[in-house]
Amino acid sequence: MEVNLRKLYPTLYSADVFVEVSDEVFEAIRTFERAEAAWQRRKYRYRAQYSLDCGNGIENDLLFWPETPEEAFEAKLIRREIFEALNALPTAQKLRVYARYFLEEKPRQIALREGVDPRQVYASLQNALRSLRRKLAHLARR
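Just so we're aligned, residue 349 is where the sequence shown starts under this note's numbering, counting upward by one.
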C-alpha cells in the first residue's frame, strides 16, 4: 500500500511524497483516521467547541484523547525506572524523599520527627535529588 506523507504530515511536506508501507501500518493509519473523524463529529455534534463548563464530562472526553497502549506501556516503564532509582538511594534519603515529595511534609517536620538538625535533612534531600537526577537523566531526553 502507498501512503502520501504530505497528507499525514502537512506541516513537514509541501509536495506529495508517496511511501510504500506494509498492510499492518496502512491499517493502523486508517484506524487512526477513522477515530479522529469520529472524534471531530462528536465534538461538533455535542457543541464541545462552544461550551467548556457543562460539567457532565462530555467536553473533557472530547478534548482529551485516551491514553494509547504505547503511552501506557512507556509510562509504566518510566515509573519502574523512577522506583528503581528511589530504591537505590540509602535508606535515610529514601525515607526523607518519600516524606517530602509523596507525603508533602516540610523538611522541618521531617527533622523534628527524626530528631535531627533541619540542615541535615535539607542536605540529605539535595544529595538524594542530585543522585536521582544523575540516574534519571536519560528520561529527560525522551
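For each residue, glycine too, the CB sits at the ideal point set by N, CA and C.
Rounded Cβ spacing between residue i and residue j (contact assumed at less than 8 Å)
i	j	result
V365	M349	Contact doesn't hold; Cβ gap of about 15 Å is too wide.
A433	L484	6 Å
V367	L353	6 Å
Where residue i sits in the DSSP three-state scheme
i	result
V373	helix
V464	coil
V469	helix
L487	helix
L477	helix
T379	helix
Y392	helix
Residues near residue i in its chain [Cβ-Cβ closer than 8 Å; skip 5 each side]
i	result
A440	S472
Residue-level contact to chain C via CB, residue i, 8 Å cutoff
i	result
P414	This model lacks chain C altogether; it includes just one protein chain.
Other residues of its chain near residue i: CB distance less than 6 Å, five sequence neighbours each side excluded
i	result
S479	none
L437	A476
Residues near residue i by beta carbon distance below 7 Å, same chain, minus five either side
i	result
E453	A447
D371	M349
L487	I426, E429
Bridge-paired residues (DSSP) for residue i
i	result
N352	F366
Report task. Entirely within the region 403–456 and at least 4 residues each: give me those alpha helix (DSSP H) ranges in chain order. Result -> Runs found: 406–411, 417–435, 439–445.
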